[in-house]
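Trainee: Okay, handing you the structure first.
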Amino acid sequence: MTGGRRRVWWSTWPGSLGLGVLAFLVAAPGPLAGLAWLVLPDLDSSGLDVEIAAPSPWLTVFAVVQVAAGLVLPVLTARWARKAWLGYVLLGLALCAGVGVVGLVQLGIL
Numbered sequence: 001m002t003g004g005r006r007r008v009w010w011s012t013w014p015g016s017l018g019l020g021v022l023a024f025l026v027a028a029p030g031p032l033a034g035l036a037w038l039v040l041p042d043l044d045s046s047g048l049d050v051e052i053a054a055p056s057p058w059l060t061v062f063a064v065v066q067v068a069a070g071l072v073l074p075v076l077t078a079r080w081a082r083k084a085w086l087g088y089v090l091l092g093l094a095l096c097a098g099v100g101v102v103g104l105v106q107l108g109i110l
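Right under this line is the structure:
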């Protein structure tokens, strides 16, 4: 033995990549809902007697932030796991869960 410290399981390459994939899967409904909002706007008022108002620009900004957070947070979670920063790993997983829950609410599942 070289006398070096043994790495904890989440800071090894398989562990950190696994946590990154887990964070992405947990957060996946968020970017999907944001992309659906950005790509598939519901502005068609054909067949309706009332005119549908254009969506608020704040909702568009929120959708862009939601997509960015859903894609950046899993990468940061994997990086923090590789550095063995458990507090930040748990924070990243919790934030990914929050992004995922918001996405599920927007999609009408929750």
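This note's numbering applies: residue 1 is where the sequence shown begins, and numbers increase by one. For every residue, glycine included, the Cβ atom is placed at its ideal position computed from N, Cα and C.
#1: Which value, in whole angstroms, describes the spacing of the CA atoms of residue 37 and residue 7?
#2: Do the region 21-32 and the region 64-82 make contact, defined as three or more Cβ pairs closer than 8 Å?
#3: For residue 82, name the three-state secondary structure that DSSP assigns.
#4: Below 8 Å on the Cβ atoms is my guess for residue 114 versus residue 16; work out the distance and round it to an integer in Å.
#5: To the nearest angstrom, report how far apart residue 47 and residue 66 are at their CA atoms.
#6: Beta-carbon within less than 7 Å of residue 76's beta-carbon, same chain only, minus the 5 sequence neighbours each way: which residues are those?
#7: Rounded to whole angstroms, what is the Cα-Cα separation between residue 31 and residue 20?
#8: In chain order, which alpha helix (DSSP H) runs of at least 4 residues are fully inside the region 32-109?
#9: Using CA coordinates, which residue listed in 18, 34 and 10 is at the minimum distance from residue 99?
#10: Rounded to a whole number of angstroms, what is the C-alpha to C-alpha distance between residue 58 and residue 102?
Mentor: Well, looking at it:
#1: 42 Å
#2: yes
#3: helix
#4: In the structure as shown, the chain begins at 1 and stops at 110. Residue 114 is therefore absent and cannot be evaluated.
#5: 32 Å
#6: 92
#7: 15 Å
#8: 57-82 and 86-107
#9: 34
#10: 16 Å
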